[in-house]
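One structure is given below, encoded as structure tokens.
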Amino acid sequence: MSEFIAEFIGTMLLVLLGNGVVANVVLNNTKGSNSGWIVITMGWGLAVFTGVAVAGPISGAHLNPAVTVGLAVAGMFAWSKVGLFIVAQMAGAAFGAFLMWLMYRDHFNSTEDGGTKLACFSTGPAIRNLGSNVISEIIGTFVLVFVIFYLAGPSFEAAGVEGAKVGLGTLGALPVALLVVAIGLSLGGTTGYAINPARDLGPRIMHAILPMNNKGGSDWGYSLVPVIAPIVGAAVAAFLFMSL
538 MSEFIAEFIG
548 TMLLVLLGNG
558 VVANVVLNNT
568 KGSNSGWIVI
578 TMGWGLAVFT
588 GVAVAGPISG
598 AHLNPAVTVG
608 LAVAGMFAWS
618 KVGLFIVAQM
628 AGAAFGAFLM
638 WLMYRDHFNS
648 TEDGGTKLAC
658 FSTGPAIRNL
668 GSNVISEIIG
678 TFVLVFVIFY
688 LAGPSFEAAG
698 VEGAKVGLGT
708 LGALPVALLV
718 VAIGLSLGGT
728 TGYAINPARD
738 LGPRIMHAIL
748 PMNNKGGSDW
758 GYSLVPVIAP
768 IVGAAVAAFL
778 FMSL
């Protein structure tokens, strides 16, 4: 698997499962209808675990343009590969949103409220105040990227095999998953914690394209907030990490 394919598949799984849990909770007539915020935050954390477990050994499982840019700013990732990773993440997020829509198509059509449908694809603020919304996304992404800099799975050299290391394998994805759960529980109530430009923009584009009854608008007036603010938050995290 190439790094591009790893980022594509990892982000696709992230969005399929992450947006899938939102659909399961908020759409009409699902088995998980009205199960609440705790289910959503846990579902997103497990979605991160799944994507990181698959892509981690190949690409490092950025799955997020903000993470990619933050690592590049900190000198831990080549700028020459940033564009490739972001394209893979955007495409994977869009395809994951398509699969989520395909899975819940009947439930989208049986749900009347257009805002509820949009919430299954992209984020939106609980209180619309663009200045405060930007600050929320900057802080949430800062926490994500800053802590990621300090996450390192323990490993040890395999006896008798030069250069071989034995680590936690897929369990190495668990700290990042728990971090996303913590952000969702503590900081997610203001904007829905996009903290990932691809996770928001790719599915928002799919929302605009895909057919649904009573779909409503895609809220393009808000769309730059979850794209620009996470990049700023990641850059701040990188500069602080380097200064420390």
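Numbering (the numbering used here), first residue to last: 538 to 781.
Virtual Cβ for every residue (Gly too), placed ideally from N, Cα, C.
With C-beta atoms as the reference, is Thr678 less than 7 Å away from Ala771?
Numbered from 1 along the sequence shown, position 141 holds the residue referred to as residue 678. Numbered from 1 along the sequence shown, position 234 holds the residue referred to as residue 771. Contact flag set, yes.
Extent of the continuous alpha helix (DSSP H) run through Gly770:
Residue mapping note: residue 770 aligns to position 233 of the sequence shown, counting from 1. Segment Val762 to Ser780, the alpha helix (DSSP H) holding Gly770.
Can you list, in chain order, the residues of its chain whose CB lies under 6 Å from that of Pro773, leaving out five sequence neighbours each side?
Reading the sequence shown from its first residue, position 236 is the one you call residue 773. The amino acid occupying residue 773 in the given sequence is Val; Pro does not appear at that position. Excluding sequence neighbours, Val773 sits near Phe679.
Of the listed residues Asn571, Asp756, Leu636 and Tyr687, nearest to Pro712 (C-alpha basis)
In the sequence shown, the residue the question calls residue 712 occupies position 175. Closest option to Pro712, Cα to Cα, is Tyr687.
Does the beta-carbon of Ser755 have 16 or more other beta-carbons within 10 angstroms, so that it is buried, or is it exposed?
Position 218 of the sequence shown, counted from the first residue, corresponds to residue 755. Answer is buried; the Cβ neighbour count reaches 16.
Using alpha carbons as the reference points, say which of Val671, Glu649, Leu722 and Ser596 lies closest to Asn750.
As a working note, residue 750 is residue 213 in the sequence shown. Out of Val671, Glu649, Leu722 and Ser596, Glu649 has the C-alpha closest to the C-alpha of Asn750.
Relative to the C-alpha of Lys618, which candidate in Pro602, Ala631, Asp643 and Gly739 has its C-alpha closest?
Residue mapping note: residue 618 aligns to position 81 of the sequence shown, counting from 1. Answer by Cα proximity: Pro602.
Whole alpha helix (DSSP H) runs in the segment 538-619 with 4 or more residues, listed along the chain?
For the segment 538-619, the full-length alpha helix (DSSP H) segments reaching 4 residues or more read 540-563, 574-596 and 602-610 along the chain.
Please classify Leu761: is it buried, with 16 or more other beta-carbons within 10 angstroms of its beta-carbon, or exposed?
The count along the sequence shown starts at 1 and reaches residue 761 at position 224. Per the 10 Å Cβ criterion, exposed.
Let me know the secondary structure DSSP gives Ile664 once reduced to three states.
As a first step, residue 664 must be located in the sequence shown, where it is residue number 127. Reduced to three states, the DSSP call for Ile664 is coil.
Run through DSSP, which three-state label would Val680 get?
Counting from 1 along the sequence shown, the entry for residue 680 is found at position 143. Residue state, collapsed to three classes: helix.
By DSSP, does Gly739 sit in helix, in strand, or in coil?
Within the sequence shown, residue 739 is the residue found at index 202, counting from 1. The DSSP-derived three-state label of Gly739 is helix.
Hey, would you say Val604 sits closer than 7 Å to Val717, going by beta carbons?
For the purposes of this step, residue 604 is taken as the residue at position 67 of the sequence shown. For the purposes of this step, residue 717 is taken as the residue at position 180 of the sequence shown. In this structure, Val717 does not lie closer than 7 Å to Val604 by Cβ.
Straight-line gap, Ile577 to Gly569 (C-alpha atoms, nearest Å)
Counting from one through the sequence shown, the residue named residue 577 turns up at place 40. Counting from one through the sequence shown, the residue named residue 569 turns up at place 32. Straight across, the Cα-Cα distance linking Ile577 with Gly569 is about 10 Å.
Exposed or buried, what is Arg642 when buried is set at 16 or more other beta-carbons lying within 10 Å of its beta-carbon?
To locate residue 642, count along the sequence shown from 1; it is residue 105. Looking at its Cβ environment, which holds fewer than 16 other Cβ atoms inside 10 Å, Arg642 is exposed.
Check Trp757 in the structure and name its three-state DSSP category.
Indexing the sequence shown from 1 puts residue 757 at position 220. Coil at Trp757, not helix or strand.
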